[in-house]
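Q:
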Amino acid sequence: MTTTVPALDDLTTQVRATLGPLLGDALTAVADDDDLARALGDRYDSLTALECVSRIEAAFDVEVDFVAHDVRYVFATVGRIASFVRDLIEDRTALEASS
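If you count by the numbering used here, then the sequence shown holds residues 24 to 122, one letter each, in order.
See the structure below:
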């Protein structure tokens with residue numbers, strides 16, 4: 024099975040759709056490179072960030088490794104989350120192609 028790596032813009036839209044129900048309408052006003060904790064304040068605390076990780080894992084069938092990945096950095100902006108997901112999908116695609 025070959026996986027196609029989605030374009031970054033498409034992934035960004037999908038990340039927003041995945042996190043929107045959790046973070047609320049305020050997410051629509053947050054730019055892709057805005058720090059979520061600053062932009063959303065109390066709406067984006069450590070528990071919410073963990074829930075975001077879980078939702079991203081489920082939505083994109085990826086696994087976030089809290090030891091190997093700098094989760095605090097990656098999950099700080101929508102753009103970083105989308106890039107991170109793209110990188111994981113690219114890695115998975117490369118592994119599938121080589122097996």
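Virtual Cβ for every residue (Gly too), placed ideally from N, Cα, C.
1) With Thr71 as the anchor, note down where its alpha helix (DSSP H) starts and where it stops.
2) So, does the stretch 91-109 touch the stretch 28-39, judging by three or more C-beta pairs under 8 Å?
3) Measuring CA to CA, which of Arg109, Asp33, Asp57 and Leu45 is closest to Leu70?
4) Among the candidates Ala117, Leu63 and Thr100, whose CA atom is the shortest distance from the CA of Leu28?
5) Between Arg109 and Leu34, how many whole angstroms is the CB-CB distance? I'm expecting something under 8 Å.
6) Of all Cβ atoms in chain D, is any one closer than 8 Å to the Cβ of Asp114?
7) Label Ala99 either buried or exposed according to how many other C-beta atoms from any shown protein chain fall within 10 Å of its C-beta, with 16 as the threshold for buried.
8) I need the DSSP call for Val87, collapsed to helix, strand or coil.
9) If you drop the 5 nearest sequence neighbours on each side, which residues of the same chain put their C-beta closer than 8 Å to that of His92?
A: For this structure:
1) Ser69 to Phe83
2) yes
3) Leu45
4) Note on residue identity: the sequence assigns Val, not Leu, to residue 28. Among Ala117, Leu63 and Thr100, the Cα nearest to that of Val28 belongs to Ala117.
5) 5 Å
6) Going by chain labels, chain D is absent from the structure shown, which holds only one protein chain.
7) buried
8) coil
9) Phe107
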